[in-house]
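Undergrad: My questions all concern the structure below.
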Amino acid sequence: MAYLGDEDYDYPYDPQRRRSPRGYYNEYRRSAQYLDPRPGGGLQRTRSTGNAPAPNIYIYNDQVQDAQQRASSPYPPAPYLTAAQPPPPAMMPGQYPGVIPQPQTIPVPVPYPYPAPAYPASPERRGRGRLGDDLVDDLAYMELHDRARSRSRGRSDVGRDGRPDFYEWELERKARELDEERKRQALEREWELRKMREEEKRRRAEDEEDADRKRVIQEYEEKRRKDAAAAKEAEARVKDKLEREKREQKDEEQRMREKIKRDEQEAKEREKREYDAFLLKQKEKAEKEKAEKAAEKAKFEREMRKRLEEFGVYSQAQIDYMVDEEKAKKAKEERSRSRGRMADDDDDDDDG
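Going by full-length UniProt numbering, 263 is the number at position 263 of the sequence shown; the sequence numbering is gapless.
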């Protein structure tokens with residue numbers, strides 16, 4: 001049966017022996033995917049020998065892996081004891097009568113698969129502090145230690161319960177287990193309290209943030225209502241002012257129209273009065289002039305009559321005709337009409 005460390009190069013090549021999956025597979029054939037250390041099959045392969053060009057090897061890495069290249073191995077260290085643990089007492093043949101001694105077996109160390117640690121940014125490690133990491137490591141170590149111890153007890157504790165010092169060792173082991181359990185429970189309680197405090201702190205921060213958000217929203221809504229009310233009030237004031245100015249302007253225009261109408265009416269009346277006064281004045285002036293002319297004419301006629309009568313040559317009819325222009329004009333018209341009738345009569349006689 002193969003054990004840890006069994007490799008092919010420890011033994012001569014045997015075709016009947018099953019080869020190790022970790023060993024070197026010495027097969028005399030070429031491969032297009034894997035490098036061959038034989039001559040002509042390494043990195044210096046050329047296309048002239050019928051081989052494909054060297055493959056392109058890409059290495060994908062991130063910053064976390066790059067930073068952890070020199071970190072410790074993800075596998076747990078070898079089990080260690082925090083305190084000196086006395087080994088269980090061995091049972092010698094014939095020490096206790098009636099007890100058949102059992103062969104002592106040495107436990108073979110078996111590698112235990114240990115998961116690689118998660119990245120610091122992974123969900124498993126997010127929010128975990130140093131105390132949580134130590135607690136997880138301690139619990140994993142305790143589990144490994146318990147498994148190794150239970151496995152060793154299953155192989156070596158047979159036939160030892162009859163010795164007196166076995167019970168002392170068992171009591172010490174139980175005490176250590178209880179002490180470790182108490183420590184584990186204390187760590188778990190501390191971790192739970194830490195989680196509860198962090199949860200309470202987070203919840204309080206969320207409540208404060210929610211309260212601040214509600215307060216900001218309420219202040220914003222209150223400010224918006226006040227601004228809306230102020231804007232509405234200002235709009236109402238502006239509307240009232242515009243309506244008042246419009247009414248005042250309308251009243252002022254009405255007063256101006258009435259004043260203009262009154263002024264026009266007064267101007268017309270004043271002009272009419274002035275015109276009537278002018279006409280009356282002209283009439284009075286004309287009448288006065290007419291009266292003066294009539295007086296002068298009467299005076300002139302009297303003087304003329306008097307002078308013509310003093311001459312004693314003219315008759316009264318001739319004097320009236322010479323002095324009175326109206327009578328002279330009428331007499332002239334009568335003569336003209338009489339001459340016209342006479343001419344018409346002569347024409348009629350000539351025609352007859």
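Built from N, CA and C at the ideal position, the CB exists for glycine as well.
No experiment lies behind these values; they were computed from the predicted model shown.
Do you know offhand how far Gln-318's Cα is from Ala-331's?
TA: Looking at the two C-alpha atoms, the distance is approximately 11 Å.
Undergrad: Are the CB atoms of Leu-139 and Arg-173 nearer to each other than 8 Å?
TA: No; because the gap between Cβ atoms is not below 8 Å, this pair is not in contact.
Undergrad: Please give me, in chain order, every unbroken run of the alpha helix (DSSP H) with length at least 4 that falls completely inside the region 280-342.
TA: Whole alpha helix (DSSP H) segments, 4+ residues: 316-323.
Undergrad: One question on the structure: do Glu-180 and Met-142 come within less than 8 Å of each other, judged by their Cβ atoms?
TA: Closer than 8 Å, so yes.
Undergrad: Give a yes or no on whether 8 Å exceeds the smallest Cβ distance from Ala-317 to chain D.
TA: The structure shown contains no chain D; it is built from a single protein chain.
Undergrad: Would Val-323 be called buried (16 or more neighbouring beta carbons within 10 Å of its own) or exposed?
TA: So Val-323 counts as buried.
Undergrad: Give the secondary structure of Ile-260 by DSSP, where H, G and I count as helix, E and B as strand, and everything else as coil.
TA: Helix at Ile-260.
Undergrad: Where does Tyr-119 sit, in a helix, a strand or coil, going by DSSP?
TA: Model confidence at Tyr-119 stands at a pLDDT of 46, short of 50, so the residue's coordinates are unreliable; what they give is reported in the following sentence. Coil at Tyr-119, not helix or strand.
Undergrad: Tell me which same chain residues have a C-beta within less than 7 Å of the C-beta of Glu-253, skipping the five on either side of it?
TA: Once the five neighbours on either side are set aside, Glu-253 has no close Cβ partner at all.
Undergrad: Please go through the same chain and pick out, in chain order, the residues whose beta-carbon is closer than 7 Å to the beta-carbon of Ala-267, but skip the five residues on each side of it.
TA: So no residue of the chain qualifies.
Undergrad: Which same chain residues end up closer than 7 Å to Val-110 when comparing Cβ atoms and leaving out the 5 residues on each side of it in sequence?
TA: Note that Val-110 scores a pLDDT of 48, beneath 50, so its modelled location is shaky; the value from the coordinates is reported in the next line. Hits under 7 Å: none found.
Undergrad: May I ask you to report which of helix, strand or coil DSSP gives Tyr-220?
TA: Tyr-220: helix per DSSP, three-state reduction.
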